[in-house]
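Trainee:
There are 2 protein chains.
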Amino acid sequence: MAEQYNFGVIGLGGRGHGNLMEFLKADGVRVAAVCDQYADRVKAAADSVEKEYGYRPTEYTDYKALLARDDIGAVLVFTTWITHSRIALDCMLAGKHVAVEVGGSASVEECWQLVRTSESTGKFCMLLENCCYDRYEMALFNMKQLGLFGEVVHCQGAYQHDLRDEILHGRENRHGRLFNFMNRNGELYPTHQFGPICKLLGINRGNRIVSLVSMASPARGLNAYARKQHPDGYDLEDYKFTEGDVVTTMLKCAHGETILLTHECTLPRPYSRGYRIDGTKGAYTEDDNQIYFDGVSPHEQWEPVLPYIEKYEHPLWKEYFVKGVHGGHGGMDFLVLSAFAEAAMNNVAPPIDVYDTAVWMCVTALSEQSIAMGSHPVPVPDFTNGLWIDREPYRRGRYCLEEVCTEFYDVN
Amino acid sequence: MAEQYNFGVIGLGGRGHGNLMEFLKADGVRVAAVCDQYADRVKAAADSVEKEYGYRPTEYTDYKALLARDDIGAVLVFTTWITHSRIALDCMLAGKHVAVEVGGSASVEECWQLVRTSESTGKFCMLLENCCYDRYEMALFNMKQLGLFGEVVHCQGAYQHDLRDEILHGRENRHGRLFNFMNRNGELYPTHQFGPICKLLGINRGNRIVSLVSMASPARGLNAYARKQHPDGYDLEDYKFTEGDVVTTMLKCAHGETILLTHECTLPRPYSRGYRIDGTKGAYTEDDNQIYFDGVSPHEQWEPVLPYIEKYEHPLWKEYFVKGVHGGHGGMDFLVLSAFAEAAMNNVAPPIDVYDTAVWMCVTALSEQSIAMGSHPVPVPDFTNGLWIDREPYRRGRYCLEEVCTEFYDVN
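So the sequence lines, in the order shown, correspond to chains A and B.
Just so we're aligned: 143 in the working numbering is position 143 of the first sequence, and the numbers increase by one with no gaps anywhere.
Take any residue in the second sequence, count from 1 to its spot, add 412: that is its number in the working numbering.
So this is what it looks like as structure tokens:
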């Protein structure tokens with residue numbers, strides 16, 4: 001590993017700027033270049049780095065100029081959902097490993113392009129699915145590995161996040177989300193819970209997703225909200241949004257397991273990723289954070305999950321608590337960014353690879369197809385072209401998400 | 413209304429016997445005849461009636477003999493799921509109104525037969541969906557009618573009931589459920605939450621269900637349970653059950669609303685009907701019984717629902733609390749049985765009519781079809797043949813489920 005490794009960061013809106021500053025806290029990381037189409041964002045980012053770290057990254061408004069640099073080994077992309085993939089392709093073609101912020105795909109071909117380009121260039125593409133590194137997700141994964149749930153036959157997840165204000169004012173805020181809600185109808189943001197569920201069910205390593213089917217409710221939430229917030233009128237008040245308020249998706253695995261995803265960002269309700277695990281020996285539900293183990297929990301009574309989280313704490317989190325949890329989203333942002341930094345600097349496969357990235361992202365495009373065809377089931381591609389049958393769990397480094405590899409941790 | 417009205421009861425297993433005794437508490441009800449294929453059950457039921465009410469209903473083991481009687485105006489059917497419909501048809505053809513205990517259909521044609529026979533005989537067929545009369549469901553319906561949820565775009569419901577022991581020992585207990593889990597794969601028991609949701613969304617009265625699609629997880633729960641409970645072996649231990657442990661169904665309404673149903677009876681988890689209402693102004697979730705109203709509840713925080721239930725108590729329940737709640741399932745059994753008694757004795761349409769019965773029951777057969785075709789969407793018939801467009805809400809009597817008709821109640 002080089003003592004300092006040069007990274008580039010593309011996309012410096014609120015999320016990009018925040019992630020940049022968090023990423024810089026990882027050992028050995030140097031951000032040599034920052035880029036955004038808006039010069040004010042680039043300057044703000046360079047200012048922040050200079051103030052905090054005493055050096056100023058080169059400023060770009062054209063990401064291709066950034067990619068032309070030979071001294072940058074890997075790039076992080078925090079642009080809009082629709083530009084993630086094409087920039088990621090360019091990164092790999094320029095000889096750089098790439099990490100992309102979460103988001104869905106616009107087409108299935110886009111996912112195949114990522115796979116083919118990663119395979120042909122030997123550069124990796126890692127979706128920065130921070131929720132894979134959430135404390136609860138990791139402890140629950142640990143419990144599943146230890147057999148506490150028995151055989152898991154069904155999981156649920158959701159992105160239930162009241163984003164009405166953010167979506168509606170996307171133009172003023174230069175935020176890309178709005179235009180997706182104005183024009184598309186599908187599971188726009190699947191990966192927050194689908195990522196951890198795929199890891200739990202061994203997707204791409206002995207299991208795979210074979211098909212999905214989606215259904216969308218009417219789109220009423222944004223209009224109702226616009227009328228309430230802007231009683232004097234707002235130009236989107238009567239806009240016919242295409243994105244249904246509630247989009248539900250059912251997915252089927254090669255070994256029969258089912259997954260249910262819910263996308264709901266335009267109705268009033270408290271945030272929840274609606275995680276749920278149903279096994280032959282136990283069940284977990286994120287709503288009210290409860291768990292139930294057959295013959296252990298009082299009959300027909302949920303138990304609070306926290307004592308179980310503490311008992312089966314993932315060693316990565318034990319270590320993290322000792323070193324000091326920091327950064328966004330309860331600390332998980334730093335972990336996923338560190339996972340990328342470690343893989344890039346060691347030039348080894350990341351814990352979330354291009355096959356994971358492709359399967360997780362493709363749900364969006366496929367759900368749009370299914371809805372467009374009246375909730376017709378659609379096949380989910382095998383992006384590994386058959387390799388999933390024999391692929392062993394990933395066991396490399398402390399950030400691995402397949403097995404609990406205790407040997408990597410100082411704390412146990 | 414006759415001072416005493418003669419009813420017959422067919423099907424006297426645990427549920428039938430219990431419902432018989434509860435039904436007899438309704439004003440004006442006389443059960444003149446009881447029937448079951450097992451003579452011991454018939455005798456036990458006649459004994460109970462005689463002990464409690466001083467008269468002995470005639471005992472039958474052949475339901476057709478019971479139906480031949482001229483002095484019986486209406487019949488309640490509590491037999492197995494698969495026999496509900498054919499007995500109900502015979503009841504109507506014999507000139508009697510009929511109530512059937514809840515359960516799904518085996519075919520769509522069976523539902524059409526109920527509709528055609530009810531229309532041609534002028535006798536009604538009412539599904540005894542007790543959950544429509546649950547205190548919470550009724551208060552939530554009241555809140556929806558008052559506009560508290562805004563426009564409701566999505567609902568969820570479930571039958572999540574750990575019945576592993578009851579199912580597995582169905583033979584010893586002469587319970588029909590087992591054979592359905594051994595042979596079928598679908599949403600076997602949809603109506604407990606689907607009934608109240610259909611009433612909430614105005615199904616058959618200005619709205620209708622247009623299609624559904626189902627997906628089933630593997631069947632693992634019963635085998636795992638059999639092995640755990642019978643370590644010395646049990647003949648069903650390795651039986652390849654067909655019914656998936658978790659069956660998920662998405663339904664689409666004519667006005668775009670979506671409904672999600674979950675059937676889960678063979679895994680360990682506390683009971684829940686998973687009721688959920690998603691509207692433009694608020695949301696309700698049965699899990700942990702929480703509610704959220706936009707701009708009313710603290711930002712991003714659920715509130716306990718009970719104070720709202722009390723505030724918006726349905727007048728039927730206000731009255732019921734004054735008179736004294738009694739009977740099974742928190743009192744709702746008595747209400748649905750009383751609703752049937754009142755309709756029969758007054759010879760008027762019941763609050764749950766044959767169109768409701770047909771739509772609610774058909775979900776089972778259709779979900780089996782969808783699963784058999786790899787989660788292909790299937791159309792849901794319009795059992796009203798177009799009448800749903802113009803049908804006004806039902807407003808007859810205190811048990812109506814369409815509007816809150818306060819004039820019928822003593823208490824307000």
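For each residue, glycine too, the CB sits at the ideal point set by N, CA and C.
A quick note: this is a predicted structure, and the numbers were derived from the prediction, not measured.
Apart from the five residues on each side of it in sequence, which residues of its chain come closer than 6 Å, Cβ to Cβ, to B:Met562?
Mentor: In the second sequence, counting from the first residue as 1, residue 562 of chain B sits at position 150. Before going further, note that residue 562 of chain B is Gly rather than Met in the sequence given. Result list for B:Gly562: Gly691, Thr692 and Lys693, in chain order.
Trainee: Is there a C-beta anywhere in chain B that falls below 9 Å from the one on A:Arg184?
Mentor: As a working mapping, residue 184 of chain A is identified with position 184 in the first sequence. Taking Cβ atoms only, chain B never reaches closer than 9 Å to A:Arg184, which makes this a no.
Trainee: Considering only residues of the same chain and omitting the five flanking positions on each side of A:Ala32, which have a CB-CB separation below 8 Å?
Mentor: Indexing the first sequence from 1 puts residue 32 of chain A at position 32. Excluding residues within five positions, the ones whose Cβ falls inside 8 Å are Asn6, Phe7, Gly8, Pro57, Thr58, Arg69, Asp71 and Ile72.
Trainee: Output, in chain order, the set of chain A residues within a Cβ distance shorter than 8 Å of B:Arg620.
Mentor: Locating residue 620 of chain B in the second sequence gives position 208, where the first residue counts as 1. None at all; the shortest Cβ gap to chain A is about 15 Å.
Trainee: Looking at A:Val247 and A:Leu163, is the spacing between their C-beta atoms short of 9 Å?
Mentor: Residue mapping note: residue 163 of chain A aligns to position 163 of the first sequence, counting from 1. Residue mapping note: residue 247 of chain A aligns to position 247 of the first sequence, counting from 1. Not a contact, by the Cβ cut-off of 9 Å.
Trainee: Does A:Val246 have its Cβ less than 9 Å from a Cβ in chain B?
Mentor: Taking the first sequence and counting its residues from 1, one reaches residue 246 of chain A at position 246. Answer yes: the Cβ-Cβ gap between A:Val246 and chain B drops below 9 Å somewhere.
Trainee: Using a C-beta to C-beta distance shorter than 9 Å, which residues of chain A count as neighbours of B:Pro789?
Mentor: Reading the second sequence from its first residue, position 377 is the one you call residue 789 of chain B. Ordered by position in chain A, the residues that pass the 9 Å Cβ test against B:Pro789 are Val213, Met215, Met373, Gly374, Ser375, His376 and Pro377.
Trainee: For A:Ala77 and chain B, any beta-carbon pair shorter than 9 Å?
Mentor: For this step, residue 77 of chain A is matched to residue 77 along the first sequence. Before going further, note that residue 77 of chain A is Val rather than Ala in the sequence given. Not one chain B Cβ lies under 9 Å of A:Val77.
Trainee: Residue range of the alpha helix (DSSP H) that A:Asn223 falls in?
Mentor: Mapped onto the first sequence, residue 223 of chain A falls at position 223. Looking at the DSSP string, the run of the alpha helix (DSSP H) that includes A:Asn223 is Gly221 to Gln229.
Trainee: Quick one: Cα of A:Asn223 to Cα of A:Pro231, how far?
Mentor: Here residue 223 of chain A refers to the residue found at position 223 of the first sequence. Here residue 231 of chain A refers to the residue found at position 231 of the first sequence. So the two alpha carbons sit approximately 12 Å from each other.
Trainee: If you compare alpha carbons, which of A:Gly122, A:Ser105, A:Glu101 and A:Asp288 is closest to A:Ala365?
Mentor: Position 365 of the first sequence, counted from the first residue, corresponds to residue 365 of chain A. Checked all of A:Gly122, A:Ser105, A:Glu101 and A:Asp288; the closest Cα to A:Ala365 is A:Ser105.
Trainee: Can you name the start and end residues of the beta strand (DSSP E) that B:His509 belongs to?
Mentor: For the purposes of this step, residue 509 of chain B is identified with residue 97 of the second sequence, where counting begins at 1. From DSSP, the beta strand (DSSP E) with B:His509 extends over His509 to Val512.
Trainee: Cutting at 8 Å between CB atoms, please list the residues of its own chain near A:Gln301, excluding the five before and the five after it.
Mentor: Start at 1 with the first residue of the first sequence, and residue 301 of chain A comes out as number 301. The residues are Tyr292.
Trainee: Taking A:Leu201 as the reference, which of A:Arg86, A:Gln156, A:Ala219 and A:Asn185 has the closest Cα?
Mentor: As a first step, residue 201 of chain A is located in the first sequence; it is residue number 201 there, counting from the start. Closest by alpha carbon: A:Gln156.
Trainee: Step through the CB atoms of chain B and report whether any lies within less than 9 Å of the CB of A:Asp162.
Mentor: Counting from 1 along the first sequence, the entry for residue 162 of chain A is found at position 162. Yes, its Cβ sits closer than 9 Å to a Cβ of chain B.
Trainee: Do you know whose CA, among A:Tyr63, A:Asp235 and A:Arg273, lies nearest A:His161's CA?
Mentor: Stepping through the first sequence from its first residue, residue 161 of chain A is reached at position 161. Measuring from the Cα of A:His161, the nearest candidate turns out to be A:Arg273.
Trainee: Answer with buried or exposed for A:Phe321, where buried requires no fewer than 16 other C-beta atoms within 10 angstroms of its C-beta.
Mentor: By one-based count along the first sequence, residue 321 of chain A stands at place 321. Exposed, because fewer than 16 other Cβ atoms sit within 10 Å of the Cβ of A:Phe321.
Trainee: For A:Val153 and A:Glu257, which I take to be in contact (beta-carbon distance under 8 Å), what is that distance rounded to the nearest angstrom?
Mentor: Position 153 of the first sequence holds residue 153 of chain A. Position 257 of the first sequence holds residue 257 of chain A. That belief holds up - the Cβ atoms of A:Val153 and A:Glu257 are roughly 6 Å apart, short of 8 Å.
Trainee: What does A:Met250 reach in chain B if we use C-beta pairs closer than 8 Å?
Mentor: For this step, residue 250 of chain A is matched to residue 250 along the first sequence. Residues of chain B passing the Cβ test: Val625, Met627, Thr660, Met662 and Ser787.
Trainee: Taking C-beta to C-beta, are A:Tyr53 and A:Val336 nearer than 9 Å?
Mentor: On the first sequence, position 53 is the one that residue 53 of chain A refers to. On the first sequence, position 336 is the one that residue 336 of chain A refers to. No, the pair does not count as a contact, with Cβ atoms beyond the cut-off.
Trainee: Per DSSP, what kind of secondary structure is B:Ile422 in: helix, strand or coil?
Mentor: Residue mapping note: residue 422 of chain B aligns to position 10 of the second sequence, counting from 1. Strand at B:Ile422.
Trainee: Does B:Gly691 have its Cβ less than 9 Å from a Cβ in chain A?
Mentor: What you label residue 691 of chain B is simply residue 279 of the second sequence in a count that begins at 1. Yes, because at least one Cβ of chain A sits closer than 9 Å to the Cβ of B:Gly691.
Trainee: Pick helix, strand or coil for A:Lys311, following the three-state DSSP scheme.
Mentor: Translated into positions along the first sequence, residue 311 of chain A becomes position 311. Three-state DSSP puts A:Lys311 in a helix.
Trainee: Pull up the CB-CB distance for B:Thr769 and B:Leu479, whole angstroms please, since I reckon it's below 8 Å.
Mentor: In the second sequence, the residue the question calls residue 769 of chain B occupies position 357. In the second sequence, the residue the question calls residue 479 of chain B occupies position 67. Not quite, the Cβ-Cβ distance comes to about 19 Å (not below 8 Å), so this is no contact.
Trainee: Check the Cβ of A:Gln301 against every Cβ in chain B and list those closer than 8 Å, keeping chain order.
Mentor: Residue 301 of chain A sits at position 301 when you count from the first residue of the first sequence. Chain B residues near A:Gln301: Pro682.
Trainee: Using a Cβ-Cβ cut-off of less than 9 Å, give me the residues of the stretch 626 to 647 of chain B that come near chain A, in sequence order.
Mentor: Result list: Ser626, Met627, Ala628, Ser629, Pro630, Ala631, Arg632, Gly633, Asn635, Ala636, Tyr637 and Lys640.
Trainee: Could you tell me whether any Cβ in chain B is nearer than 9 Å to the Cβ of A:Val153?
Mentor: Taking the first residue of the first sequence as position 1, residue 153 of chain A is located at position 153. For A:Val153, the answer is yes, since a Cβ of chain B falls inside 9 Å of its Cβ.
Trainee: Less than 9 Å between the beta carbons of A:Val354 and A:Leu114, yes or no?
Mentor: As a working note, residue 354 of chain A is residue 354 in the first sequence. As a working note, residue 114 of chain A is residue 114 in the first sequence. Closer than 9 Å, so yes.
Trainee: Roughly how many whole angstroms lie between the Cα atoms of A:Leu89 and A:Asp165?
Mentor: What you label residue 89 of chain A is simply residue 89 of the first sequence in a count that begins at 1. What you label residue 165 of chain A is simply residue 165 of the first sequence in a count that begins at 1. Each residue's Cα considered, the two are about 32 Å apart.
Trainee: Nearest-angstrom Cα distance between B:Met413 and B:Asn758?
Mentor: By one-based count along the second sequence, residue 413 of chain B stands at place 1. By one-based count along the second sequence, residue 758 of chain B stands at place 346. Caution applies to B:Met413, whose pLDDT of 44 falls short of 50 and renders its modelled position unreliable; the model cannot decide the point.
Trainee: Distance check for A:Gly295 and A:Leu212, CA to CA, integer angstroms please.
Mentor: Residue 212 of chain A sits at position 212 when you count from the first residue of the first sequence. Residue 295 of chain A sits at position 295 when you count from the first residue of the first sequence. Going by the C-alpha atoms only, they are around 34 Å apart.
Trainee: Among the residues of its own chain, which have a CB less than 7 Å from the CB of B:Arg639, if the five just before and after it don't count?
Mentor: Here residue 639 of chain B refers to the residue found at position 227 of the second sequence. Closer than 7 Å at the Cβ level, and outside the excluded window around B:Arg639, lie Glu649.
Trainee: How big is the Cα-Cα spacing for A:Leu251 and A:Pro304?
Mentor: Counting from 1 along the first sequence, the entry for residue 251 of chain A is found at position 251. Counting from 1 along the first sequence, the entry for residue 304 of chain A is found at position 304. Cα to Cα, A:Leu251 sits roughly 29 Å from A:Pro304.
Trainee: Count the other C-beta atoms from every protein chain shown that fall within 10 angstroms of the C-beta of B:Thr738, then say buried if there are 16 or more, exposed otherwise.
Mentor: In the second sequence, the residue the question calls residue 738 of chain B occupies position 326. Checking the sequence, you will find His at residue 738 of chain B rather than Thr. B:His738 comes out exposed.
Trainee: Helix, strand or coil: how does DSSP classify B:Glu754 here?
Mentor: Stepping through the second sequence from its first residue, residue 754 of chain B is reached at position 342. It is helical.
Trainee: Whose CA, out of A:Thr80, A:His263 and A:His329, lies closest to the CA of A:Asn185?
Mentor: Counted from its first residue, the first sequence places residue 185 of chain A at position 185. Per the Cα distances, A:His263.
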